[in-house]
Amino acid sequence: MRQFDLAPLYRNTVGFDRLFSMLDQMVGVDAAPSYPPYNIERTGENAYRISVAVAGFTDKDLTIEVKENTLSVRGEKKPNDERKAEVLHQGIAARSFDRRFQLADGVQVTGASLENGLLHLDLVRETPEAKKPKLIPISANGTQAIEAQRAA
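Written as structure tokens, this is what we have:
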């Protein structure tokens with residue numbers, strides 16, 4: 410695997426440290442866990458859906474948390490004392506997991522549903538009013554700018 414030196418970027422930028430940390434993590438993607446498998450789909454212009462394969466887990470075994478632009482899905486299978494059968498082959502993985510997704514600014518989780526062994530997480534990207542484009546009126550002789558200052 411190639412090593413990338415991001416030190417020059419740290420020297421010349423301010424406020425992008427989180428982005429560079431994400432790049433560092435992505436470089437080490439070979440060591441990333443592959444369980445459970447998941448899909449990320451775009452369902453609309455600003456809507457997304459993450460589907461995580463959680464066969465054998467119930468809603469009580471799963472925890473979904475959003476903290477500081479990180480979506481975390483955890484699964485912990487509770488031991489079942491009722492089951493006394495001897496398992497000859499275990500092909501269905503039921504091990505604990507912690508899958509994390511980095512969310513862009515403005516992306517919110519709007520809902521979650523569990524059906525047919527798939528956990529569906531619906532997300533939407535909302536642009537805050539402060540970041541939406543706004544039109545600035547143009548005054549012909551500067552009177553509008555003076556009136557705006559007096560109103561403030």
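If you're matching positions, the sequence shown starts at 410 in this note's numbering and goes up one per residue. Even for Gly, the Cβ is constructed at its ideal location relative to N, Cα and C.
Excluding sequence positions up to five before and after residue 519, its CB lies within less than 7 angstroms of the CB of 531, 532, 533, all in the same chain and listed in chain order. Around the C-beta of residue 444, fewer than 16 other C-beta atoms lie within 10 Å, and the residue is accordingly described as exposed. With distances taken between CA atoms, residue 455 lies nearest to 536 out of 511, 536, 543, 541. Using a 10 angstroms sphere on the CB of residue 528, the tally of other CB atoms reaches 16 or more, which defines it as buried. In summary, residue 526 is exposed, with fewer than 16 beta-carbon neighbours lying within 10 Å of its beta-carbon over all protein chains present.
Per DSSP, residue 468 lies in no beta strand (DSSP E) segment and is marked neither H nor E.
Between the alpha carbons of residue 448 and residue 469 lies a gap of roughly 22 angstroms. Bridge pairing for residue 480: 475, 510 [DSSP].
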